[in-house]
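Beneath this line is the structure, given in structure tokens, with notes to follow.
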Amino acid sequence: MKNFEYKNPTKILFGKGQIESIKNEIPTGAKILLLYGGGSIKKNGIYEQVKTALSQHEVIEFGGIPANPEYDILMEALKVIKEKKVTYLLAVGGGSVIDGTKFLSSAALYEGEEPWEILTNKIPTKKGMPFGTVLTLPATGSEMNSGAVITRKATKEKLTMGGPGLFPQFSVLDPEVIHSIPERQLVNGITDAFTHVLEQYLTYPAGAFLQDRISESILQTLIEVAPKILKDPRDYTAASNFMWSCTMALNGLIQKGVPTDWAIHAMGHELTALYGIDHARTLAVIAPSHYQYNFEAKKEKLAQYGERVWKISEGSLEEKASKAIERTEKFFNDLGIETKLSEYTQDYEGTAEEIAKRFRNRGWEGLGENQNLKPEDVEQIVTMSY
Ligand code: NZQ
Ligand code: ZN
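Straight run, no breaks: the sequence shown in the working numbering ends on number 446.
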């Protein structure tokens, strides 16, 4: 096991009726900016619950943060924060609203000229404006981590940011919010969380038995609850296990002491930036080719994953590893998620070259757990995903 440091300061308020507790988490003198997305919270009762909980607080609102939070829209929210002298941010939404809020937390205290530099220059946020979240869509883990992904349509870019100052102070995880989530977003959430675990687990053996088993248990739980959630999003036991699995998949715990990959996300983000494909679906497009292409480097963990998660007991190590990739792709397909780029766009010719060029320009010369995936390799993996 590698050396590590671990600190996660986010307070989790889990369960039915917990939205009410936010009134105790936000200082009474705070001037709050409530941030939300396209309006789903106004149809499913979450907005009402939040407003009731904050009836004794001073709250102003900013809605309209789109999926894949857009820089230009966030800059409008930043103006409101400055003009109205906001002191506390509250995100009510999925990963997009929470990530947008993290950007604003950082940008509100940023002293440079153009906050986009936080992303292009990879400036870590040591201190941000305090914020909390009410999670409405289990998927990204953003509610308990310090990372964010921001999109800029004008330049077709989607870049990451983060830092120790960007953990939410608290996050409410009420599994009852799941009942109103459309199926498309539910399967996205399952796929995203599943791939988060794979990115931190399917590398090479590192003698981290506990991290491996925590990862495997999250994957097994997601596999178990996926059909139940899809059949009945009001199944509270399934919903609560789904929600907590998504948070645990990316709150930093399973990545401690182990090598991590994240190349699938790096390539996937480009597919969203270029074609607007849902984040989770880009991962399902890239993952099978990525594991196939890096088979030699990853086959031991692939076989372990096949044995322990998919119960593949027959065959050589290589055969088990191969079957594990097949089972993963089938899992995504069974959820209704297509795993080829050509199933999302007809305009895919040249994509691999474009992504490789972008990585070269950014100096991303060594992706993956062994830092040896070059833009030429990325080009081949993306081509295999057509
Ligand atoms: O905008 P509204 O009207 O609220 O509707 C949203 C949106 O259309 C809807 N929705 C959310 N909760 C709902 C609901 N509809 C009905 N009932 C509810 N309870 O779902 C749609 C998608 O929401 P979004 O927030 O975009 O989805 P998700 O949580 O999957 O977030 C995706 C974003 O997170 C980034 C992705 O790149 C993408 O931009 N990621 C963030 C990560 C992080 N910060 O750690 C890691 C991830 O790998 C990912 O990259
Ligand atoms: Zn993801």
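Beta carbons: idealized from backbone N, C-alpha and C, even for Gly. The structure presented is a predicted model; accordingly, all values stated were derived computationally and were not measured.
heavy atom of the ligand ZN below 7 angstroms from His-350 C-beta: no
Go through its chain and collect everything with a Cβ distance to Asp-349's Cβ below 7 angstroms, but skip five positions before and after it. According to the sequence shown, residue 349 is Ser rather than Asp. Excluding sequence neighbours, Ser-349 sits near Ile-441, Met-444 and Ser-445.
Cβ distance (whole Å) where Asp-252 is taken to contact Ala-199 below 8 angstroms: 5 angstroms
Given this structure, state the Cα-to-Cα distance separating Thr-211 from Ile-415, to the nearest angstrom. 16 angstroms
Ser-231 lies in the beta strand (DSSP E); which residues open and close that run? 230 to 233
Complete runs of the alpha helix (DSSP H) confined to the segment 93 to 173 [at least 4 residues]: 100 to 103, 106 to 113, 131 to 143 and 155 to 168
Is there contact here, the segment 349 to 363 with the segment 299 to 316, by at least three beta-carbon pairs under 8 angstroms? no
Leu-169: CB within 7 angstroms of a non-hydrogen atom of the ligand ZN: no
Comparing the CB of Leu-343 with every heavy atom of the ligand ZN, is any distance shorter than 7 angstroms? yes
Cβ-based neighbour list, Leu-258, same chain, cut-off 6 angstroms, excluding 5 preceding and 5 following: none
Just the Cα atoms here: how many angstroms apart are Ile-106 and Gly-225? 27 angstroms
Distance, Gly-154 Cα to Phe-64 Cα: 29 angstroms
Is the beta carbon of Asp-252 within less than 7 angstroms of some heavy atom of the ligand ZN? yes
For the ligand NZQ, is there any heavy atom lying closer than 7 angstroms to the beta carbon of Leu-197? yes
Would DSSP call Phe-427 helix, strand or coil? For the sequence presented, residue 427 should be read as Leu rather than Phe. Three-state DSSP puts Leu-427 in a strand.
At a cut-off of 7 angstroms, would you count Thr-255 as near the ligand ZN, judging by its Cβ distance to the nearest heavy atom? yes
Tell me whether the segment 124 to 135 and the segment 91 to 101 touch, counting them as touching only if at least three CB pairs, one residue from each stretch, are closer than 8 angstroms. yes
Going by CA-CA distance only, name the one from Lys-91, Gln-229 and Met-327 that's closest to Leu-219. Met-327
CB of Gly-172 to nearest heavy atom of the ligand NZQ: below 7 angstroms? no
For Ser-402, I'd like the list of residues in its chain whose CB is within less than 6 angstroms of its CB, leaving aside the five on either flank, ordered along the chain. Tyr-408 and Tyr-446
Give the single residue among Glu-378, Gly-75, Met-61 and Asp-437 whose Cα lies nearest to the Cα of Val-238. Val is not the amino acid found at residue 238; the sequence shown has Ile there. That would be Gly-75, whose Cα lies nearest to the Cα of Ile-238.
Regarding Thr-200 and the ligand ZN, is the C-beta to nearest heavy atom distance less than 7 angstroms? yes
How do the segment 306 to 324 and the segment 261 to 276 stand: do at least 3 beta-carbon pairs fall below 8 angstroms, yes or no? yes
Nearest neighbour of Ser-202, chosen from Leu-343, Gln-229, Ile-289 and Gln-109 [CA to CA]: Gln-229
Select from Leu-290, Lys-83, Val-232 and Leu-279 the residue whose C-alpha is nearest the C-alpha of Gly-396. Leu-290
Give the DSSP-derived three-state secondary structure of Ala-208 in the structure shown. strand
If I measure Cβ to Cβ from Lys-182 and keep anything under 8 angstroms in the same chain, skipping five residues before and after, which residues do I get? Met-221
Check this for me: beta carbons of Ser-231 and Leu-195, under 8 angstroms apart or not? yes
What number of angstroms, rounded off, separates the C-alpha of Gln-78 from the C-alpha of Pro-235? 10 angstroms
Got a sec? Which residues, its chain only, sit under 6 angstroms from Thr-281 by beta carbon, not counting five neighbours each side? Asn-301 and Ser-305
Cβ-heavy atom distance between Glu-442 and the ligand NZQ below 7 angstroms? The question names Glu, but residue 442 in the sequence shown is Val. No, the Cβ of Val-442 stays beyond 7 angstroms of every heavy atom of the ligand NZQ.
Integer Cβ distance of Thr-147 from Ala-90, believed to fall under 8 angstroms: 5 angstroms
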